[in-house]
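The listed protein sequences correspond, in order, to chains A, B, C and D. My numbering numbers the first residue of the first sequence as 3 and each following residue consecutively. My numbering numbers the first residue of the second sequence as 1037 and each following residue consecutively. My numbering numbers the first residue of the third sequence as 2 and each following residue consecutively. My numbering numbers the first residue of the fourth sequence as 291 and each following residue consecutively. Report on one structure; see the data block that follows.
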Amino acid sequence: MAQNSRYHAESYVAHPVVTTADMRLLFHRASGETHLLADPLPDMLILLGEQPDTIQGLTTRLCARLGVAQDEEAHAVVGHRLDELEAAGLVWRD
Amino acid sequence: MRDALPLVRALTDPASVDHIMPDDWTALLSIARAERLIGSLAVRLKERDLPVSVMEALEAARVQAAFDHVQARWEVELTRRLLAPLGIRPILLKGSAFVVAGLAAGEGRMVGDLDILLPADQLNKAEAALLVGGYEWAKDDPYTQAYYRRWMHELPPLIHAERGTMIDVHHTILPLTARPTPDAPALVADAVDIAPGLATLSPADMIVHAACHLIADGDMAGGLRNLWDIDRLVRDFSRQANFWPMLAERSGVHQMREPVARTLRLTHQLYETPVDHAVAGHTRASDALFVRRLLSRDGWGRQTNRATRLAFYIRSHWMRMPPLMLARHLWIKARS
Amino acid sequence: MAERDETEQTEVASGADEAGNLHTSRRNLLRLTALGGAAIATVRPNAGLAQAAVSALKCQIPIPDSANAGKWVKNDGTLVKSGTANSYAPPSNPLKGEDVKNSLKYGTTYSGYSSQQTNAYNNYIKKLTVGKQGYTCYASVMTPR
Amino acid sequence: MYRLDLRVGPVGYRVGSAWRRPIDALRRLYAGYPAPDEGLATLTARIEPEKPWRRHLRPQVAIRGDFELPDAVPMTLDHGLLAIEMAMNLQIALGERRHLLLHAGAVERNGRVIILTGESGSGKSTLSALLGEHGWRLLSDEFVLIEPGTGLVRAFPRAISLKNAAIAELERVVADRDRFGPLLRATPKGDLRHLRPAPDAIARMDERAMPALVLFPTFGHASQAEGMGQAELFALLTQGSTNYAALGERGFETMARLATTVPGVRFAYPDSAGGMAIVEQFAAELGI
Chain A
3 MAQNSRYHAE SYVAHPVVTT ADMRLLFHRA SGETHLLADP LPDMLILLGE QPDTIQGLTT
63 RLCARLGVAQ DEEAHAVVGH RLDELEAAGL VWRD
Chain B
1037 MRDALPLVRA LTDPASVDHI MPDDWTALLS IARAERLIGS LAVRLKERDL PVSVMEALEA
1097 ARVQAAFDHV QARWEVELTR RLLAPLGIRP ILLKGSAFVV AGLAAGEGRM VGDLDILLPA
1157 DQLNKAEAAL LVGGYEWAKD DPYTQAYYRR WMHELPPLIH AERGTMIDVH HTILPLTARP
1217 TPDAPALVAD AVDIAPGLAT LSPADMIVHA ACHLIADGDM AGGLRNLWDI DRLVRDFSRQ
1277 ANFWPMLAER SGVHQMREPV ARTLRLTHQL YETPVDHAVA GHTRASDALF VRRLLSRDGW
1337 GRQTNRATRL AFYIRSHWMR MPPLMLARHL WIKARS
Chain C
2 MAERDETEQT EVASGADEAG NLHTSRRNLL RLTALGGAAI ATVRPNAGLA QAAVSALKCQ
62 IPIPDSANAG KWVKNDGTLV KSGTANSYAP PSNPLKGEDV KNSLKYGTTY SGYSSQQTNA
122 YNNYIKKLTV GKQGYTCYAS VMTPR
Chain D
291 MYRLDLRVGP VGYRVGSAWR RPIDALRRLY AGYPAPDEGL ATLTARIEPE KPWRRHLRPQ
351 VAIRGDFELP DAVPMTLDHG LLAIEMAMNL QIALGERRHL LLHAGAVERN GRVIILTGES
411 GSGKSTLSAL LGEHGWRLLS DEFVLIEPGT GLVRAFPRAI SLKNAAIAEL ERVVADRDRF
471 GPLLRATPKG DLRHLRPAPD AIARMDERAM PALVLFPTFG HASQAEGMGQ AELFALLTQG
531 STNYAALGER GFETMARLAT TVPGVRFAYP DSAGGMAIVE QFAAELGI
């Protein structure tokens, strides 16, 4: 997870999404694949869809959105979750 | 239904299906599926007034074609994401090129594996990136690996471990053992950008490659589909200025004059494609053999004319490699 | 379709204490402990399923056949009372046709079993005759295509 | 080629065979089924000799059709009926694109459907067949078709393939001997006998109905039935579908609607009687 590269994502509303009690079902039109997302991934996709960002920038915006303090641990978790989203093809780096 | 001619007629002249008997519809659908042209037939018959069950069968083919196109575009995008950071711009070939470039030849077309062409000096870098990116060799036994690298126009096929999709990385468009030697650097030089980090061959080279793939590199299996590609491409591109002189010139550059001429005669005869007869040349007696091979399908969708097919099978191997090597190749394959 | 608001956000709590434990649950989202589970699952087309719809295409060979359930297998493939000296317990599930073909053709051992057990099982399979359970599967995977 | 055209649910088949006996057996088994609409079959299944010389010399039957699996294992001619039936299954399993297809059984009563999913061997076919003889209309023992636009279930009442112990079970409850196909011994699936669904299931095959419950039955001692979350139900149903991905966004909408409006329940059952009793209990709770 390169620290300074910027991550991109399509705008979140471009995806048909169905909310269930525990997860969100997201249909990714570009790949034709369906993903089941647990929090905080939907929030991360919403933020990146609004504006590409580095891990650091995204961590700051995500902590603000969830109303939690930002720390090194949050940064590491966001980095790891970005790897998962990248492997699924939902985010990419320029 | 004796052969695949009714399918050729339905594609060429959709009105020809207006008074087909129910039983002939059943045979036509089986032949179209066997020749992998059901999607193209669905596009051509979209406006016709058809029996309900035929409409539903063609609608199913449209759903499949739409899914194929999403898969094809996504494979191209994932490959672009792997190669772009290395400054490699893949030149898309065949089905993926038609679909991503939005050509008529792509409409309703089933797209199989992803084929890309790269300059020879970028092959190793691309191969390393693909292997790191989750691809594995489809066949990694030493004979196959050595054979491809030494004699073939492409790397051994790679399959993505997770997605199960296959990619063929070419450095030219004919096996090195074949007699004609297409000008690979010229193919790369004339390639056309279609999107950031993606290209296709030039219009003329695209047709030369399609003719090469149909006539000079195979046993004509799936020939009706490849010929339909050529019909669509020629009708699309021949509207451009000096298309025919450019095609004649590129056929010469790639030592493909005869296969291109043959292909133009065949598509003119079967799909009534308007062609420049100076480039297509005079009808040959042997053209009828190619037509017979192309139409070798019965009303049940089964292949027919076993002898003709065997002749083309032997011809395809003989073209790809000199006799001595052919014997050794078949001997090793028989034992493995 | 279930309702879907435009800009989804992790639900904002209304009550005070509810806000308390909701805050901790959101805090936990960004704890390293959360990384124990993947937060995404992707639906992969189930390629094998078309196969399962016509499962006979991937046939299997039970050892021993149900009539001799419980018997063990000697080196030469004959069946004996369970526990007999130098004989082996049968495999816990039927062997897959593909695995049998590879074992007989290339000498691969069945995963989870020793080469002696594999040898005993293969000798049993080679003795199968028409009408015995597993014969058709054995015959079909061995016919050259 | 010997030929028979027939319709099973929404599928109009043309069935071909290089040999007469399998087609005659198929004609007897599918007695009472309609011909394709307008006499126009749009899907072809066929069985042929693996190699031309294998027609009469120790015949090897290859399973072919508009859609084929490359490594299909050839069969012997005495299992010709099974080979033909599998060729027909393959056409819908690989070719269906109009309906979302679930590899599951389904029964209907009062316009509401109970779907019984699970891997082959979990007893879903046998349980569906038994329910079809005890007050339920059998929609299918193997393929459940969901209409994308409406979410309704369409019947695909193919001949039920009973294996090993299930043969005797159904022989005990089905009085009409004509509904059974021949007993096929030592097939790749073991001993096998086909059973034609009840006349009512064939007569009403075009009557669609609304799904009310998805069950995941497994053999085992009767334990406490266990409901499941919508996301888990969605994931399990996509794994149990042969064409979910191929339908693209319409497949997603259809499956999401099913998984978020119909409850999913796991339960274990010791024997058929126990299994049927549990299904009746669920039906009662849902007012079916």
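Ideal Cβ positions, reconstructed from N, Cα and C, are used throughout, including at glycine.
Output the distance between the C-alpha atoms of residue i and residue j, rounded to the nearest integer angstrom.
i          : j          : result
VAL301(D)  : ASN87(C)   : 56 Å
GLY370(D)  : ASP1149(B) : 35 Å
MET1355(B) : ALA1214(B) : 6 Å
SER418(D)  : LEU47(A)   : 44 Å
PRO92(C)   : TYR114(C)  : 8 Å
ALA90(A)   : ARG1117(B) : 13 Å
TYR1349(B) : TRP94(A)   : 45 Å
LEU27(A)   : HIS37(A)   : 6 Å
GLY471(D)  : HIS484(D)  : 5 Å
ASN6(A)    : ALA1096(B) : 47 Å
PRO349(D)  : MET365(D)  : 8 Å
VAL70(A)   : LEU84(A)   : 19 Å
PRO1087(B) : ALA1068(B) : 17 Å
PRO339(D)  : ILE450(D)  : 25 Å
ALA1404(B) : ILE405(D)  : Outside the shown range of chain B (1037 to 1372) lies residue 1404(B), about which nothing can therefore be said.
ASN533(D)  : ARG387(D)  : 7 Å
GLY408(D)  : MET1256(B) : 43 Å
GLU543(D)  : PRO54(A)   : 29 Å
THR8(C)    : ALA40(C)   : Because the pLDDT of THR8(C) is 44, which lies under 50, any placement of that residue in the model is unreliable, and the question is left without a value.
ALA90(C)   : LEU80(C)   : 10 Å
ARG146(C)  : ALA456(D)  : Annotation note: pLDDT 34 at ARG146(C) (below 50); position unreliable, no value reported.
LYS102(C)  : ASN123(C)  : 10 Å
MET1146(B) : ALA1040(B) : 19 Å
ASN1160(B) : LEU1237(B) : 21 Å
VAL1375(B) : VAL1099(B) : Outside the displayed range of chain B (1037 to 1372) lies residue 1375(B), so it cannot be described from this structure.
LEU1192(B) : TYR1184(B) : In the sequence as presented, Leu is not what sits at residue 1192(B); that position holds Pro. Going by the C-alpha atoms only, they are around 6 Å apart.
GLU575(D)  : ASP368(D)  : 46 Å
LEU1250(B) : ARG1038(B) : 23 Å
Based on the DSSP output, what are the partners of residue i in its beta bridges?
i          : result
ALA1235(B) : ILE1127(B), ASP1229(B)
SER88(C)   : LYS75(C)
PHE453(D)  : The amino acid occupying residue 453(D) in the given sequence is Lys; Phe does not appear at that position. Bridge partners of LYS453(D): LEU482(D).
LEU435(D)  : LEU391(D), ARG444(D)
GLY302(D)  : ARG297(D)
LYS97(C)   : GLN61(C)
THR36(A)   : PHE29(A), VAL44(C)
Anything in chain E within Cβ reach of residue i, meaning under 9 Å, just list it in chain order.
i         : result
TYR136(C) : The question asks about chain E, but that chain is absent: this structure's protein chains are A, B, C and D.
Using a threshold of 6 Å, is the CB atom of residue i nearer than that to any non-hydrogen atom of the ligand SAM?
i          : result
HIS1365(B) : In terms of ligand content, the structure shown is empty, and the ligand SAM therefore cannot be addressed.
Members of the stretch 1328 to 1340 of chain B near chain D, C-beta cut-off 9 Å: TRP1336, GLY1337, ARG1338
Chain-ordered residues of the stretch 1061 to 1095 of chain B with a beta carbon less than 8 Å from chain D: TRP1061, THR1062, LEU1065, SER1066, ARG1069, ALA1070, PRO1087, VAL1088, SER1089, VAL1090, GLU1092, ALA1093, GLU1095
At which residue ranges does the stretch 368 to 423 of chain D contain complete beta strand (DSSP E) runs of 3 or more residues, listed in the order of the chain? 390 to 393, 395 to 399, 402 to 406
For the stretch 1106 to 1123 of chain B, which residues have a beta carbon sitting closer than 8 Å to at least one beta carbon of chain A? VAL1106, GLN1107, ARG1109, TRP1110, GLU1113, LEU1114, ARG1117
Near-chain B residues of the stretch 10 to 36 of chain A - C-beta to any C-beta below 7 Å: ALA32, SER33, GLY34
Scan the stretch 1048 to 1127 of chain B and note each continuous alpha helix (DSSP H) run of 4 residues or more that stays entirely inside, going in chain order. 1058 to 1070, 1074 to 1080, 1088 to 1119
Sufficient close CB pairs (3 or more, under 8 Å) joining the stretch 1241 to 1248 of chain B to the stretch 1318 to 1328 of chain B: no
Taking only beta carbons into account, state which residues of the stretch 1268 to 1293 of chain B come closer than 9 Å to chain A, listed in chain order. none
Would you list, in chain order, the members of the stretch 329 to 356 of chain D that have their beta-carbon closer than 7 Å to a beta-carbon of chain B? GLY329, LEU330, ALA331, THR332, THR334, ARG336, ASP356
List, from N- to C-terminal side, the alpha helix (DSSP H) runs of 4 residues or more that fit wholly inside the stretch 1303 to 1333 of chain B. 1313 to 1316, 1323 to 1330
Cβ pair count under 8 Å reaching 3, the stretch 1165 to 1179 of chain B against the stretch 1222 to 1232 of chain B: no
Count the C-beta pairs between the stretch 420 to 429 of chain D and the stretch 486 to 494 of chain D that are closer than 8 Å, then say yes if the count reaches three, no if not. yes
Stretch-stretch touch, CB-based, cutoff 8 Å, three pairs: the stretch 1217 to 1224 of chain B with the stretch 1286 to 1294 of chain B: yes
Segment contact flag, the stretch 74 to 84 of chain A with the stretch 1098 to 1110 of chain B, C-beta cutoff 8 Å, min 3 pairs: no
Evaluate the contact criterion for the stretch 301 to 314 of chain D versus the stretch 99 to 115 of chain C: three or more CB pairs, one atom per stretch, below 8 Å. no
Is there contact here, the stretch 1071 to 1086 of chain B with the stretch 1149 to 1158 of chain B, by at least three beta-carbon pairs under 8 Å? no
With a threshold of 8 Å, are at least 3 pairs of Cβ atoms found where one atom belongs to the stretch 492 to 512 of chain D and the other to the stretch 550 to 568 of chain D? yes
Is the stretch 1294 to 1311 of chain B close to the stretch 1259 to 1266 of chain B, with three or more CB pairs under 8 Å? yes
Please name the residues in the stretch 460 to 487 of chain D whose beta-carbon is closer than 8 Å to at least one beta-carbon of chain C, in chain order. ARG475, ALA476, THR477, PRO478, LYS479, GLY480
Given a limit of 8 Å on CB to CB distance, which residues of the stretch 516 to 540 of chain D reach chain C? ALA525, THR528, GLN529, GLY530, SER531, THR532, TYR534, ALA535, ALA536
Taking contact to mean at least 3 C-beta pairs separated by less than 8 Å, is the stretch 1047 to 1066 of chain B in contact with the stretch 322 to 341 of chain D? yes
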